[in-house]
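In this note's numbering, the protein residues as written are 17 to 228.
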């Protein structure tokens, strides 16, 4: 659910003035509110950068007619996987569980993507998978990861042109930490990136910074 952006009392008054009288200059708005232009400057900047108002030089402020929900939705639709993905961490499907555990902790990741000899995605290994395997009595140095991994086609993945908000929904629905970013090739799916909860958090923070 997308929440509505909350405005303070003065910002709401500014919106109402612009809605009824736009285009209107900052000085004219300040005069109606009996305030200085300098006092209003932060509020006008917030309303303009958030998209509630449009400002044109030597003309004034216009009301865009968009709600906070509409503006937030529009901004989220500007965020794509390709702009925020990071490098994938992969292992071959014939490596041992012991080696996979070492690789995971050395790379400080929560998920490993498993590829075959042709570098095609064949599975995914999570920390839970490796933990379950290590609890048993099996020899981890001789147990290959392809025995315990989640196999294709049961692997959830995304592509570079997917919207980040849709990928976030997948992570929540599947209760997983990351997705491989793939491209379809003749022999299957090639992994060339990853999207994690951290990537998505950074993207939303960057959106906030862009707006401010």
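A virtual CB, placed ideally from N, CA and C, is assigned to each residue, including glycine. All figures in this text were calculated on a predicted structure; none of them were measured in a lab.
Residue i: which of the options sits nearest, CA to CA?
i, options, result
"residue 138", "169, 73 and 200", "169"
"residue 114", "161, 153 and 220", "161"
"residue 173", "158, 127 and 64", "127"
"residue 186", "97, 38 and 48", "97"
"residue 25", "154, 124, 70 and 49", "49"
"residue 214", "63, 124, 72 and 41", "124"
"residue 197", "216, 149 and 176", "176"
"residue 36", "81, 51 and 66", "81"
"residue 178", "219, 95, 133 and 191", "95"
"residue 157", "181, 117, 143 and 212", "117"
"residue 194", "202, 204, 203 and 183", "183"
"residue 219", "181, 64, 203 and 65", "181"
Tell me whether residue i sits in a helix, a strand or coil according to DSSP, three-state version.
i, result
"residue 71", "strand"
"residue 65", "helix"
"residue 80", "coil"
"residue 203", "coil"
"residue 129", "strand"
"residue 212", "strand"
"residue 23", "coil"
"residue 52", "coil"
"residue 183", "helix"
"residue 195", "strand"
"residue 166", "strand"
"residue 107", "strand"
"residue 31", "helix"
How would you write the range of the alpha helix (DSSP H) that residue i sits in, first residue to last?
i, result
"residue 121", "113 to 123"
Specify, as a first and last residue, the run of the beta strand (DSSP E) that residue i falls within.
i, result
"residue 176", "Segment: none, residue 176 is in no beta strand (DSSP E) and carries neither H nor E."
"residue 141", "137 to 142"
Across which residues does DSSP place residue i in a beta bridge pair?
i, result
"residue 38", "Bridge partners of residue 38: none, in fact."
"residue 160", "112"
"residue 102", "210"
Beta-carbon of residue i versus every beta-carbon of chain C: anything under 8 Å?
i, result
"residue 31", "In the structure shown, chain C cannot be found, because there is only a single protein chain."
Give a yes or no on contact between the region 21 to 39 and the region 70 to 84, applying the rule of three or more CB pairs nearer than 8 Å.
-> Touching, yes, given that three or more Cβ pairs across the two stretches are closer than 8 Å.
Segment contact, 8 Å Cβ cut-off, at least three pairs: the region 91 to 106 with the region 53 to 63 | Because the criterion of three Cβ pairs below 8 Å is not met, the region 91 to 106 and the region 53 to 63 do not touch.
At least three beta-carbon pairs within less than 8 Å, the region 95 to 106 to the region 194 to 208 | These segments touch.
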